[in-house]
Structures are given as structure tokens and as C-alpha cells.
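One structure is given below, encoded as C-alpha cells.
In the working numbering, the protein residues as written are 14 to 169.
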């Protein structure tokens, strides 16, 4: 049986380089991604961590693929909840395709077990985070969404 996956796709008026920087730079992620900063040297095999303002890690993983500014892939494991942290890591892949003065961004989050508790959370989570990213790059302001603290399990 095929493992569940979630695909989020949007179009953003920004260069591939600007979009890449927004996804991989702590300075940018802090502005739109639940106030978390991303930390990694981005070499395949290296750790990637998303840190809250108080220094707690909300997510962690390992870099699988690094092809700037087109494709980034890493494993993903939530840390803010013991039950979620106990699940096997899933995989997140970002694909950036330039299209004139804009880019198509595809986020593919997959490799979940069938009974995953993380999978239902990511459908609303990716929409919130990527919509805020789009707003930041196009207007200079992220969305003022409820995701400015650690997400609550099961909240939509």
C-alpha cells in the first residue's frame, strides 16, 4: 500500500534565489515559520533543526539533497510532543521552478506510516507556513497567523 503524502503547491512572485534564501535562512524563517529559525550547514547528511525563540527545537532532521536554488530535501521529525517525536521521520522536499518573474514552489511531505499522527497535522501546517512565506516575499510582511508559538497537537 502507498504511504500517505501531502503536496502543497503555490506560485510566488519572487526569484528562485530569493525563495531559496527564504527557505534556508534563519533570518527569513523566523519571520514566517512559527517564529522558528532554521539551523543547518545544508551539506547532505548534516543536521537541520528548527528552533523556537527560547532555544527549544520544534523539529529536526537530516539533509538528504541540496541543489540550490532548485531542490532541497530533508527528513522531518516533530519534537514538541513525545508521541509525535516517537514516530519514524518523514521526508520533506522543496522544488522551485522559475516561471518568468515568479516561481512555482512545490512542497512534498511524504514517507509517513499509515497510522501517522503527524500526517493530519501537516496539511494545515504547510498551508499556513507557505502562505505566510508567499506574503512575506510579495509584500514584505508575513501573515499574522496563530502559528507564532509551538503548534498545539490536533489544532487546525
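Where a beta carbon is used, it is the ideal one built from N, C-alpha and C, also for glycine.
- [ ] With a threshold of 16 other CB atoms inside 10 Å of the CB of residue 96, please say whether the residue is buried or exposed.
- [x] Sequence index remark: in the chain shown, residue 96 carries index 83 (1-based). With fewer than 16 other Cβ atoms within 10 Å, it is exposed.
- [ ] Tell whether a beta-carbon distance below 8 Å holds between residue 44 and residue 150.
- [x] Along the chain shown, read from residue 1 onward, the residue named residue 44 stands at position 31. Along the chain shown, read from residue 1 onward, the residue named residue 150 stands at position 137. Against a cut-off of 8 Å, the Cβ pair of residue 150 and residue 44 comes out as no contact.
Task: residue 58 versus residue 75 - alpha carbon distance - done: The residue you call residue 58 lines up with position 45 of the chain shown. The residue you call residue 75 lines up with position 62 of the chain shown. Inter-residue distance for residue 58 and residue 75 is about 6 Å (C-alpha atoms, whole angstroms).
Task: Reduced DSSP category for residue 143 - H, G, I as helix; E, B as strand; rest coil - done: Walking along the chain shown from the start, residue 143 turns up at place 130. Three-state result, residue 143: helix.
Open item on the list: What residue range does the beta strand (DSSP E) around residue 107 cover?
Closed with: Here residue 107 is taken as the residue at index 94 of the chain shown, counted from 1. Per DSSP, the continuous beta strand (DSSP E) segment holding residue 107 begins and ends at 103-112.
TODO: With residue 65 as the anchor, note down where its beta strand (DSSP E) starts and where it stops.
DONE: One-based indexing of the chain shown puts residue 65 at position 52. Under the DSSP assignment, residue 65 falls outside any beta strand (DSSP E); it carries neither an H nor an E label.
Task: Alpha carbon of residue 144 to alpha carbon of residue 118, nearest angstrom - done: Residue 144 sits at position 131 when you count from the first residue of the chain shown. Residue 118 sits at position 105 when you count from the first residue of the chain shown. One C-alpha to the other measures close to 11 Å.
- [ ] Assign residue 71 to one of three DSSP states: helix, strand, or coil.
- [x] Here the question's residue 71 lines up with position 58 in the chain shown. Of the three classes helix, strand and coil, the one that applies to residue 71 here is strand, per DSSP.
Task: Distance between beta carbons of residue 109 and residue 33, contact taken as under 8 Å - done: As a first step, residue 33 is located in the chain shown; it is residue number 20 there, counting from the start. As a first step, residue 109 is located in the chain shown; it is residue number 96 there, counting from the start. Between residue 109 and residue 33 the Cβ distance is about 6 Å, and since that is below 8 Å, they are a contact.
TODO: Determine, using beta carbons only, whether residue 123 and residue 103 come nearer to each other than 8 Å.
DONE: Taking the chain shown and counting its residues from 1, the one referred to as residue 123 is at position 110. Taking the chain shown and counting its residues from 1, the one referred to as residue 103 is at position 90. In this structure, residue 123 lies near residue 103, with their beta-carbon atoms less than 8 Å apart.
Open item on the list: What residue range does the beta strand (DSSP E) around residue 119 cover?
Closed with: Working through the chain shown from its first residue, we reach residue 119 at position 106. Unbroken beta strand (DSSP E) run through residue 119: 115-123.
TODO: State the beta-bridge partners of residue 25 as determined by DSSP.
DONE: Here residue 25 is taken as the residue at index 12 of the chain shown, counted from 1. Per DSSP, 116.
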